[in-house]
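Counting the sequence shown from 1 gives a position; my numbering is that position plus 304. What follows is a single structure, written as structure tokens, with notes after it.
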Amino acid sequence: MSIGILGGTFDPPHKAHVEISNRAIEQYDLNQIYFVPSKNPWQKDVSTTYIDRFNMTSLLVQDFNNIEVSDIEQLNENKTYTVDTLKKLSIPKDELYFILGADVAIDIKTWSRYEELEKLTNFLIAPRNHINEKLLDELFPFEYSLIEGEELDISSSNIRKSYENGVNLNSIIPEEVLNYISKNKLY
305 MSIGILGGTF DPPHKAHVEI SNRAIEQYDL NQIYFVPSKN PWQKDVSTTY
355 IDRFNMTSLL VQDFNNIEVS DIEQLNENKT YTVDTLKKLS IPKDELYFIL
405 GADVAIDIKT WSRYEELEKL TNFLIAPRNH INEKLLDELF PFEYSLIEGE
455 ELDISSSNIR KSYENGVNLN SIIPEEVLNY ISKNKLY
């Protein structure tokens with residue numbers, strides 16, 4: 305069984321997360337993908353609680369049989385690191401695929417204990433921020449496979465700004481997630 309992991313703050317989650325996951329499922333024959341909201345991300349500040357981000361992410365994927373949300377980081381009160389989460393999952397490397405955007409991949413050497421990741425997982429990298437394969441090869445220290453397809457220029461930080469400015473986001477965030485954001489006055 306092949307498992308994909310897509311970690312992130314999901315602040316908020318959006319349709320590009322699902323699109324990248326569906327591409328990974330189709331292109332690499334993955335059986336299941338788990339979205340893992342980071343409870344206490346070490347490199348990013350979040351504007352919403354873990355529970356709100358978990359709930360929004362659950363609403364995002366509720367109609368997809370092969371995408372689920374994992375609460376593996378829920379009980380962690382310290383800063384969360386990818387290497388620790390992957391170890392906790394205890395999935396054999398030949399079955400585990402960590403999905404990340406090229407914009408994040410080129411900074412992987414800044415991650416805590418990044419060297420250990422190669423022993424734990426395979427890497428699937430999605431196009432982001434017009435980062436070309438040559439730059440990726442220079443800055444990403446491990447073997448990887450590309451998730452093919454059009455680059456999706458959607459970012460959660462831009463979504464938050466757009467939401468605050470009253471921009472209609474129906475094309476990139478499902479109605480259920482937008483309703484949750486509105487009801488809970490998140491942004």
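Just so you know, even glycine gets a beta-carbon here, dropped at the ideal spot from N, CA and C.
From the options, residue whose alpha carbon lies closest to that of residue i
{"i": "P316", "options": "K487, S461, S475 and V471", "result": "S461"}
{"i": "D375", "options": "L473, G405, I309 and E420", "result": "I309"}
{"i": "Y484", "options": "A320, R327, I355 and I329", "result": "I355"}
{"i": "K319", "options": "Y491, K487, S486 and L482", "result": "L482"}
{"i": "F314", "options": "Y332, E330, V365 and Q336", "result": "V365"}
{"i": "G453", "options": "I395, V408 and H434", "result": "H434"}
Cutoff 6 Å; reference residue i; Cβ partners in own chain excluding five residues on either side
{"i": "S416", "result": "Y385"}
Residue-chain proximity (residue i, chain C), Cβ-Cβ < 8 Å
{"i": "W415", "result": "Protein chains in the displayed structure number just one, and chain C is not present."}
Residue j beta carbon less than 8 Å from that of residue i
{"i": "G311", "j": "S351", "result": "no"}
{"i": "T425", "j": "L450", "result": "no"}
{"i": "N382", "j": "N326", "result": "no"}
{"i": "K489", "j": "P445", "result": "no"}
{"i": "E372", "j": "Y338", "result": "yes"}
{"i": "V322", "j": "F358", "result": "no"}
{"i": "L393", "j": "Y332", "result": "no"}
Cross-strand partners of residue i (DSSP beta bridge)
{"i": "S449", "result": "L428"}
{"i": "I403", "result": "L310 and L428"}
Beta-carbon contacts of residue i that lie in its chain and below 8 Å, excluding the five residues immediately before and after
{"i": "L334", "result": "S306, I307, G308, A328, N370 and Y401"}
{"i": "N474", "result": "L482"}
Close-in-space but distant-in-sequence residues of the same chain around residue i (CB under 7 Å, 5 per side omitted)
{"i": "P431", "result": "A406 and E455"}
Residue ranges of each beta strand (DSSP E) run of no fewer than 3 residues wholly in the segment 340 to 418, ordered along the chain?
-> Runs of the beta strand (DSSP E) lying entirely within the segment 340 to 418, each at least 3 residues long, are 371 to 373 and 400 to 405 in chain order.
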